[in-house]
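For the numbering used here, add 291 to where a residue sits in the sequence shown, where the first one is 1. C-beta atoms are modelled at their ideal positions from N, C-alpha and C, and glycine is treated no differently. See structure below.
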Amino acid sequence: MPVSALIGVSAPAGTGTTPPDRLVANTAWMCARSGIRVLLHGAYFVIVARVLGAAGYGEFIAAAALAAMLAPFGSLGTGNLLVRNVSRDPAAMAESWSTALVTTAASGLLLTTALVIVAAYALASTPVLLVILVGMADLVFGQFSDICGKAFQAHQRLDVTAGLDTALSAAKVVAALGLFATVASPTPVTWAGFYAGANAVAAAVSVGVVYASHGHLPLKFHVSVRAAREGLFFALSQWAQVFQKDIDKMIIVRVSGLHTAGIYAAASRIVEITFTPVYSLLAAAYPGFFRHGSAGLGATVAFARPFVLGGALYGFVTGLALTLAAPVLPHVLGESFAASVEVVQWLALLPLLRALHYVGGDVLTGAGFQRLRTCLQILVGAAAVGMAVWAIPLYSWRGAAGAAVASNVLLVVASWAAIAVMRRRS
């Protein structure tokens, strides 16, 4: 399906919508980015997995998964507010950027401290230095890179957003190659140091590009309580997504050990990489959901329809490809990941399900129902925890995979049922 067909929707009058050719161009940039990102992430993942082995990779990914659960609060949703505010009024850039940058710096340092405290209980055997390095990488430096990308996304400069994201992925590949070439017996802690360094360099470059492109952006060293309160619902929404996606990895570490956690995390990572093109497409369209949302829920649904169809088709084809190609994994990652073959086949439905509920969620967000979306995600996240806590001790990774698929089905049904109900009310 050509990009122009996938996104060729008419804009409702008066929404100030980006012209179709700009959306096509932005989507082309993000799709190009997704292709490069898949290759870079694949290379980085294969190198690190082979160097650390299943147990070592499991230890690193457990710390990364715990950090990922806190990461949505890294900017307290101010990056999303930046996209919303600037896509509607470009003059809001200076204030929105200052709020996002200062909030991210303060929140990231606090969250890294919280990560160390939580890890002392949740990951008692994991070295503290590993946790600190992962926290700085993902909760501070990674968050700076994220808001920089959103600064250009808000201005419909997805070419720059794509470039910054690609630079971050490339930095991780360089770090992985550096680890492989210079360290004789690498450990998860050693890799965490390289990982944090790569994120720090990418963040510095990203912030520099923002200031080079936008000139003087005054910085006010205070955290806006109003923005933090408003952005909290975006942060909670992202947190619920991550929590639903990663809580199973934390439970597997405690119940089934690092080796099982490693093979499950590797399979999950492969599925995540294949979903990158859908992430990219929705990133290109994200400001459009807000602009169409100003015309009401019906206009947002009409805008989203091609994304639903295209995403579902891609998810189905990807799931089939994952099922058929899974047996090659041990040849790529090493024999310690042989069990990942079956895990990938269990998780092959996730690209289809995620495409459906991500689009549904963006419809609710764009139309002004972010609180409703957040509530649904928290409820489904709680259900996912309940299913994982029950199933993993009984069925190990199979219980985790079953809970992951079931929770995604719940979120698809909940999101689109909520849209149907709100349309009737309006």
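#### Entry: Cβ distance (whole Å) where Ile564 is taken to contact Thr457 below 8 Å
The residue you call residue 564 lines up with position 273 of the sequence shown. The residue you call residue 457 lines up with position 166 of the sequence shown. The Cβ separation is near 14 Å, so there is no contact.
### Task
Enumerate, from N- to C-terminal direction, the unbroken alpha helix (DSSP H) stretches of 4 or more residues contained entirely within the stretch 515-556.
516-547
### Message
To the nearest angstrom, how far is the alpha carbon of Gly522 from that of Ala391?
### Response
Your numbering for residue 522 matches position 231 in the sequence shown. Your numbering for residue 391 matches position 100 in the sequence shown. Near 10 Å, if we compare the C-alpha coordinates of Ala391 and Gly522.
### Message
Could you compute how far the alpha carbon of Val342 sits from the alpha carbon of Leu624?
### Response
Numbered from 1 along the sequence shown, position 51 holds the residue referred to as residue 342. Numbered from 1 along the sequence shown, position 333 holds the residue referred to as residue 624. Near 9 Å, if we compare the C-alpha coordinates of Leu624 and Val342.
### Task
From the DSSP output, in three-state form, read off Gly587 for me.
On the sequence shown, residue 587 is found 296 positions in, with the first residue counted as 1. Gly587 falls in the coil class under three-state DSSP.
### Message
I'd like to check one pair, Ala557 with Tyr348: are the Cβ atoms closer than 8 Å?
### Response
Taking the sequence shown and counting its residues from 1, one reaches residue 348 at position 57. Taking the sequence shown and counting its residues from 1, one reaches residue 557 at position 266. A contact, by the Cβ cut-off of 8 Å.
### Task
Examine the Cβ distances between the stretch 633-650 and the stretch 496-511 and report whether three or more of them are shorter than 8 Å.
no
### Task
Look up Lys463 in the DSSP assignment and say whether it is helix, strand or coil.
Within the sequence shown, residue 463 is the residue found at index 172, counting from 1. Of the three classes helix, strand and coil, the one that applies to Lys463 here is helix, per DSSP.
### Query
What's the gap between the Cα of Val796 and the Cα of Tyr570?
The shown model of the chain, from 292 to 717, leaves out residue 796, and the question about it has no answer.
### Query
Got a sec? Which residues, its chain only, sit under 6 Å from Ala483 by beta carbon, not counting five neighbours each side?
Taking the sequence shown and counting its residues from 1, one reaches residue 483 at position 192. Excluding positions up to five away in sequence, the list reads Leu421, Leu424, Val425.
#### Entry: Straight-line gap, Leu510 to Val393 (C-alpha atoms, nearest Å)
Residue 510 sits at position 219 when you count from the first residue of the sequence shown. Residue 393 sits at position 102 when you count from the first residue of the sequence shown. Spanning the two alpha carbons is a distance of roughly 8 Å.
#### Entry: Sufficient close CB pairs (3 or more, under 8 Å) joining the stretch 602-610 to the stretch 565-585
yes
#### Entry: Residue range of the unbroken alpha helix (DSSP H) whose run includes Met427
Here the question's residue 427 lines up with position 136 in the sequence shown. No alpha helix (DSSP H) holds Met427; DSSP gives it neither H nor E.
### Query
Among Met427, Leu702, Ile683, Gln636, which has the Cα closest to the Cα of Val546?
Taking the first residue of the sequence shown as position 1, residue 546 is located at position 255. Ranking the options by Cα distance to Val546, first place goes to Ile683.
### Task
Determine, using beta carbons only, whether Phe364 and Ser398 come nearer to each other than 8 Å.
Here residue 364 refers to the residue found at position 73 when the sequence shown is read from its first residue. Here residue 398 refers to the residue found at position 107 when the sequence shown is read from its first residue. The answer is yes: Cβ separation under 8 Å.
### Query
Excluding the five sequence neighbours on either side, which residues of its own chain have a C-beta within less than 7 Å of the C-beta of Gly659, listed in chain order?
Here residue 659 is taken as the residue at index 368 of the sequence shown, counted from 1. Answer for Gly659: Gly584, listed in chain order.
### Task
Please determine if the stretch 581-599 and the stretch 349-360 are in contact, where contact requires at least 3 C-beta pairs separated by less than 8 Å.
no
### Query
Does the separation of the CB atoms of Ala692 and Val634 fall below 8 Å?
Here residue 692 refers to the residue found at position 401 of the sequence shown. Here residue 634 refers to the residue found at position 343 of the sequence shown. Cβ distance < 8 Å, so Ala692 and Val634 count as in contact.
#### Entry: Arg375 classed as buried or exposed, judged by whether at least 16 other C-beta atoms fall within 10 angstroms
Counting from 1 along the sequence shown, the entry for residue 375 is found at position 84. Buried.
### Message
Here's a check: name, in chain order, each residue in its chain whose Cβ is nearer than 7 Å to the Cβ of Ala461, leaving out the five neighbours to either side.
### Response
Residue 461 sits at position 170 when you count from the first residue of the sequence shown. For Ala461, where only same-chain residues beyond five positions count, the Cβ hits under 7 Å are Leu331.
### Task
Note down the Cα distance separating Ser366 from Val704, rounded to an integer number of angstroms.
Your numbering for residue 366 matches position 75 in the sequence shown. Your numbering for residue 704 matches position 413 in the sequence shown. Each residue's alpha carbon lies about 29 Å from the other.
### Query
Helix, strand or coil: which one does DSSP assign to Lys441?
One-based indexing of the sequence shown puts residue 441 at position 150. Note: Lys441 maps to helix in three-state DSSP.
### Message
Within a Cβ cutoff of 7 Å, which residues of the same chain sit near Ser301, ignoring the five residues on either side of it in sequence?
### Response
Taking the first residue of the sequence shown as position 1, residue 301 is located at position 10. Bear in mind that the predicted position of Ser301 carries a pLDDT of just 33, short of 50, making it unreliable; the figure below should be weighed with that in mind. Result list for Ser301: empty, nothing under 7 Å.
### Query
Going by beta carbon distance, what residues of the same chain come within less than 6 Å of Ile338, once the five residues before and after it are set aside?
Working through the sequence shown from its first residue, we reach residue 338 at position 47. So the list reads Ala467, Phe471, once near-sequence residues are dropped.
### Member of Ala708, Met384, Val671 whose CA lies at the smallest distance from the CA of Ala697
Along the sequence shown, one-based indexing puts residue 697 at 406. It is Val671.
### Message
Does Trp530 pass the burial test, meaning 16 or more other C-beta atoms within 10 Å, or should it be called exposed?
### Response
Residue mapping note: residue 530 aligns to position 239 of the sequence shown, counting from 1. With 16 or more other Cβ atoms within 10 Å, it is buried.
### Message
For a quick check, are the C-beta atoms of Ser387 and Leu372 less than 8 Å apart?
### Response
Locating residue 387 in the sequence shown gives position 96, where the first residue counts as 1. Locating residue 372 in the sequence shown gives position 81, where the first residue counts as 1. Result yes, Cβ atoms of Ser387 and Leu372 sit closer than 8 Å.
### Task
Return the CA-CA distance between Arg448 and Val680, expressed in angstroms with no decimal places.
The residue you call residue 448 lines up with position 157 of the sequence shown. The residue you call residue 680 lines up with position 389 of the sequence shown. Their Cα atoms are separated by approximately 43 Å.
### Task
Quick one: measure Cβ to Cβ for Phe580 and Gly368, integer angstroms, because I've assumed they're closer than 8 Å.
Counting from 1 along the sequence shown, the entry for residue 580 is found at position 289. Counting from 1 along the sequence shown, the entry for residue 368 is found at position 77. Wrong, their Cβ atoms sit about 16 Å apart, outside the cutoff.
### Task
Closer than 6 Å by C-beta to Ser627: which residues in its own chain qualify, once you throw out the five before and the five after it? Chain order, please.
Taking the sequence shown and counting its residues from 1, the one referred to as residue 627 is at position 336. Only Gly344, Ala345 meet the Cβ criterion.
#### Entry: Between the CA atoms of Cys439 and Trp688 - distance to the nearest angstrom
Along the sequence shown, one-based indexing puts residue 688 at 397. Along the sequence shown, one-based indexing puts residue 439 at 148. Rounded to whole angstroms, Trp688 to Cys439 spans 37 Å at the Cα level.
### For Gln444 and Tyr577, the rounded distance between their alpha carbons
To locate residue 577, count along the sequence shown from 1; it is residue 286. To locate residue 444, count along the sequence shown from 1; it is residue 153. Going from the Cα of Tyr577 to the Cα of Gln444 covers about 8 Å.
#### Entry: Ala503 vs Phe432 beta-carbon contact at 8 Å
Residue mapping note: residue 503 aligns to position 212 of the sequence shown, counting from 1. Residue mapping note: residue 432 aligns to position 141 of the sequence shown, counting from 1. No, the Cβ-Cβ distance between Ala503 and Phe432 is not below 8 Å.
### Task
Work out the CA separation of Ala442 and His507 for me, nearest whole Å.
As a first step, residue 507 must be located in the sequence shown, where it is residue number 216. As a first step, residue 442 must be located in the sequence shown, where it is residue number 151. Approximately 14 Å between the Cα atoms of the pair.
### Query
Using the C-alpha atoms, what's the distance from Phe351 back to Val474?
If you number the sequence shown from 1, residue 474 lands on position 183. If you number the sequence shown from 1, residue 351 lands on position 60. So the two alpha carbons sit approximately 17 Å from each other.
### Query
For Gly652 versus Arg664, is the C-beta spacing smaller than 8 Å?
Here residue 652 is taken as the residue at index 361 of the sequence shown, counted from 1. Here residue 664 is taken as the residue at index 373 of the sequence shown, counted from 1. Yes.
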